[in-house]
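2 protein chains.
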Amino acid sequence: MPPLDREPTRGSPDTKDRILAAAEALFMEQGYAATSLRAITAKAKVNLAAVNYHFGSKEALIREVFDRRLGPLNQARLDYLSRLEFEAGGRALTPEKVLEAMITPVVQLSRDPLKRGAVFLRLLGRALSEPADTMKQVLPIHYRDVVLRFKDALARALPEVPEQELVWRMHFTFGAMAYAMAGNDALQLITTCEADGADDAEAIIRRLVPFLAAGLKAPAPQGLRTSPPQMTTNREAA
Amino acid sequence: MPPLDREPTRGSPDTKDRILAAAEALFMEQGYAATSLRAITAKAKVNLAAVNYHFGSKEALIREVFDRRLGPLNQARLDYLSRLEFEAGGRALTPEKVLEAMITPVVQLSRDPLKRGAVFLRLLGRALSEPADTMKQVLPIHYRDVVLRFKDALARALPEVPEQELVWRMHFTFGAMAYAMAGNDALQLITTCEADGADDAEAIIRRLVPFLAAGLKAPAPQGLRTSPPQMTTNREAA
DNA sequence: ACGTGATTCAAACAGGTGTTTGAATCATGC
DNA sequence: GCATGATTCAAACACCTGTTTGAATCACGT
């Protein structure tokens with residue numbers, strides 16, 4: 001029977017962490033459904049039954065993989081934003097500052113004890129588009145507060161952008177961030193172009209923030225009721 | 001034995017198409033690895049062995065799911081771009097026009113015979129960040145030409161943006177597009193905010209193109225050698 | 001030293017996986 | 001008509017899945 005309280009006193013040696021690290025890496029490489037418990041326990045060099053003993057089930061394991069990192073990450077984002085807002089007094093922040101609060105904690109995670117955080121970030125970038133039911137439970141819990149706080153901050157930073165337009169632009173922003181986090185695998189997947197400095201998270205930020213800020217600040221498109229009357233230059237099918 | 005030539009003369013009634021449609025839908029809902037052949041054949045109302053008879057293997061099936069749609073889609077993009085470049089004479093296109101050539105064929109696919117194309121688009125949006133080995137073979141083949149052509153077109157449209165910067169901005173652009181294609185599932189996954197008109201592909205374009213064009217046209221960030229000497233406003237850890 | 005509870009381990013569990021087989025069915029050409 | 005090849009079908013194949021079991025091992029308090 002596993003100990004009901006998770007006190008660190010004479011706790012599990014490190015098998016739990018070994019399992020979490022192995023699962024993190026394999027989930028990133030192969031995806032969630034395609035990774036077997038046997039592959040995880042083999043990589044972690046622990047017994048097969050250890051996963052069910054320490055976590056209860058495979059689903060509980062993946063849940064803990066995300067809980068462990070996502071909680072601190074999003075809390076850091078909220079703290080960062082709160083500090084920026086405090087420093088600004090009552091004045092609204094710039095979109096660049098809001099994005100900075102969103103992204104900087106990611107960079108800090110990307111250089112934790114030897115590459116563990118970087119692996120998780122690439123996993124997270126992929127998880128945001130995973131259809132697994134587990135994600136539909138885990139992600140909203142962690143992201144709910146962050147999205148609401150940042151939506152408010154962006155609305156104040158961009159008072160001229162209508163609310164619905166802003167929601168969509170946040171949608172696009174998350175997409176670009178997810179791709180950036182997932183590494184340049186996706187781009188290399190598609191093209192032969194290779195981007196330099198893909199491992200340098202700070203360099204990515206210096207490229208990503210101006211890009212997204214310009215998009216967020218763009219003038220709102222005209223005439224956006226349900227169905228626009230005219231198309232741009234669309235002719236017959238291509 | 002399956003017929004070696006795939007001539008439409010008195011061909012397979014429609015089992016192949018039924019299988020492809022069912023696979024498309026289930027892959028989108030559950031992902032590739034989590035979808036069993038038995039689930040596919042049950043939804044398609046065909047015998048289990050039909051998949052291996054008509055396609056050879058599960059991997060060959062998913063390959064054909066993508067081949068069938070991705071070839072025409074990317075060819076339409078190339079044709080669209082060629083036509084725009086012809087109409088422009090020798091002059092460079094605007095970034096908006098280049099994006100339009102990239103995205104408009106997607107819209108046309110999204111309203112094909114009753115929702116089939118729309119399902120595939122959501123699947124595609126997810127596939128771009130899937131780690132499955134199959135994707136690492138299928139996607140580059142289809143996207144190679146498209147990325148190269150559009151990279152050239154964007155480089156001409158944005159002569160002031162350095163090449164490496166442009167590659168990264170295309171990376172971000174693909175990310176935002178993938179999210180937009182995957183539907184607002186991802187955003188609802190993260191937040192409670194719901195975006196209206198998510199099913200109207202044209203409305204999405206009218207929001208997505210100005211956003212991306214503004215990002216692509218943004219002034220390039222300063223001092224981006226390998227490791228930048230100064231950070232923007234980064235202080236201690238959050 | 002013993003005992004107690006946490007942890008490991010090998011083995012088995014029931015069920016699902018992709019794939020193959022060989023006979024049955026269908027449609028066609030002669 | 002029959003023969004031929006394509007397609008369907010039910011059944012089985014060998015293998016892998018997540019989970020459970022019960023004994024063995026370990027670490028510790030008394």
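Going line by line, the protein sequences match chains L and G. The numbering of the first sequence is the numbering used here, which starts it at 1 and goes up by one. The numbering of the second sequence is the numbering used here, which starts it at 1 and goes up by one. Idealized CB from N, CA, C, for every residue including glycine.
Query, Result
"Which of the three DSSP states is assigned to L/Thr104 in this structure?", "helix"
"For G/Gln222, collect the residues of the same chain with a Cβ closer than 8 Å to its Cβ; drop the 5 residues on either side in sequence, then sort them by chain order.", "none"
"For the region 160–185 of chain L, enumerate the residues whose C-beta is nearer than 7 Å to any C-beta of chain G, in chain order.", "Gln164, Glu165, Val167, Trp168, Arg169, His171, Phe172, Phe174, Gly175, Ala176, Ala178, Tyr179, Ala180, Ala182, Asn184"
"For L/Phe66, go through chain G and note every residue whose CB falls closer than 7 Å to its CB, in chain order.", "Here the premise fails: no neighbours, minimum Cβ distance about 13 Å."
"For a cutoff of 7 Å on Cβ pairs, would you count L/Arg63 as touching chain G?", "no"
"Are there 16 or more other CB atoms within 10 angstroms of the CB of G/Asn47, so buried, or fewer, so exposed?", "exposed"
"Comparing C-alpha positions only, which one of G/Met28, G/Glu29, G/Ala49 sits nearest to G/Leu37?", "G/Ala49"
"Under 8 Å, CB to CB, which of the residues in the region 124–143 of chain G have a partner in chain L?", "Gly125, Arg126, Leu128, Ser129, Glu130, Pro131, Ala132, Met135, Lys136, Leu139, Pro140, Tyr143"
"Counting only C-beta atoms, is L/Arg38 closer than 7 Å to chain G at any point?", "no"
"What is the DSSP secondary structure of G/Val146, reduced to helix, strand or coil?", "helix"
"Shorter than 7 Å from the beta carbon of L/Ala33 to some beta carbon of chain G?", "yes"
"If you reduce the DSSP assignment to three classes, tell me which class L/Ser271 lands in.", "Residue 271 of chain L cannot be examined here, being either before or after the span of chain L that is shown, 1 to 238."
"What number of angstroms, rounded off, separates the C-alpha of G/Lys136 from the C-alpha of L/Arg122?", "16 Å"
"Give every residue of the same chain whose Cβ lies closer than 7 Å to the Cβ of G/Thr134, excluding the five residues on either side of it in the sequence, and list them in chain order.", "Glu59, Ile62, Arg63"
"If we count Cβ pairs, one from each stretch, closer than 8 Å, do we get three or more for the region 204–215 of chain L versus the region 149–166 of chain L?", "no"
"Looking at chain G, is there any beta carbon in it that lies within less than 7 Å of the beta carbon of L/Leu95?", "In the sequence under discussion, the amino acid at residue 95 of chain L is Pro, which differs from the Leu named in the question. No, L/Pro95 does not count as interfacial toward chain G."
"How should L/Gly89 be labelled, buried or exposed, when 16 other C-beta atoms within 10 angstroms of its C-beta is the threshold for buried?", "exposed"
"If you draw a straight line from the alpha carbon of L/Gly215 to that of G/Met177, how long is it in whole angstroms?", "13 Å"
"Taking 7 Å as the cut-off, decide whether the C-beta atoms of G/Ala213 and G/Glu85 are in contact.", "no"
"I need the straight-line Cα distance from G/Arg116 to G/Ser110, nearest angstrom please.", "8 Å"
"Closest Cβ-Cβ distance between G/Pro210 and chain L: below 7 Å?", "yes"
"Shorter than 7 Å from the beta carbon of L/Ala60 to some beta carbon of chain G?", "no"
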